[in-house]
Ligand SMILES: [Zn+2]
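In the numbering used here, the protein residues as written are 384 to 598.
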């Protein structure tokens with residue numbers, strides 16, 4: 384019986400891209416920038432990076448890794464697939480150290496990959512994040528601004544502060560940081576997609592921000 388680890392996509396970069404494309408695009412490539420599925424073609428040429436495609440609707444290039452945990456990484460995709468396989472096939476999980484030793488990669492790479500893979504395996508992540516709340520659930524909301532003081536900068540322009548809003552469900556421990564650039568609106572007006580029919584409390588003041596059944 385052949386070993387699962389003999390699969391070409393664990394060893395060959397082109398095969399790894401082919402495998403991932405088959406999973407993410409079962410009906411053919413789709414441009415992640417504009418959603419085009421027809422006017423898309425593979426970039427040819429010796430110097431072209433593996434898996435590079437071009438969309439002729441928006442004129443942008445892309446690879447299947449765009450929008451995935453593999454995006455923007457210098458680690459080869461077939462190495463990523465090995466790490467994913469090891470982590471999802473192990474009942475008790477795999478530590479970064481174990482990935483480092485088993486795969487012969489640096490501890491830094493192993494740490495980076497295992498964090499991204501674990502993050503992807505979390506149930507509350509990305510588009511599939513379940514809404515907070517439910518009957519009797521209580522949502523707490525808070526916001527803060529992150530960024531240094533202008534007075535502490537020796538030179539250069541003052542970067543804008545980043546607003547971060549978070550919603551927490553009491554007893555659940557789930558939290559949704561929502562960076563928002565537009566800070567003009569009060570938080571209570573910016574969180575409606577998440578709590579459904581629950582009162583929303585301001586964490587600092589324990590003030591009931593909102594108790595409307597139509598949320
Ligand atoms: Zn496009």
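Note that beta-carbon positions come from the ideal geometry of N, C-alpha and C, so glycine has one too.
When only Cα atoms are considered, residue 419 and residue 440 end up about 7 angstroms apart. For ligand 1, a non-hydrogen atom lies closer than 6 angstroms to the CB of residue 419.
About 5 angstroms separates the Cβ atoms of residue 496 and residue 466, confirming a contact at the 8 angstroms cut-off. Annotation: the stretch 430-510 contains the following complete segments of the beta strand (DSSP E) (minimum length 3 residues), in chain order: 436-438.
The beta carbons of residue 464 and residue 392 sit closer together than 7 angstroms. The alpha-carbon of residue 543 is positioned some 35 angstroms away from that of residue 435.
Taken atom to atom, the span from the alpha-carbon of residue 394 to that of residue 456 is near 17 angstroms. About 5 angstroms separates the beta carbon of residue 416 from that of residue 443, a gap short enough to meet the 8 angstroms contact definition. When the five nearest sequence neighbours on each side are left out, the beta carbons in the same chain lying within less than 7 angstroms of the beta carbon of residue 527 are those of 547, in order along the chain. In this structure, residue 523 sits away from residue 477, with a CB-CB distance that is not shorter than 7 angstroms. Taking 7 angstroms as the cut-off, the Cβ atoms of residue 447 and residue 403 count as close. Per the DSSP secondary-structure output, residue 529 pairs in a beta bridge with 545. DSSP places residue 523 within a strand segment (E or B) once states are collapsed to three. In this structure, residue 399 has its CB at a distance of at least 6 angstroms from all heavy atoms of ligand 1.
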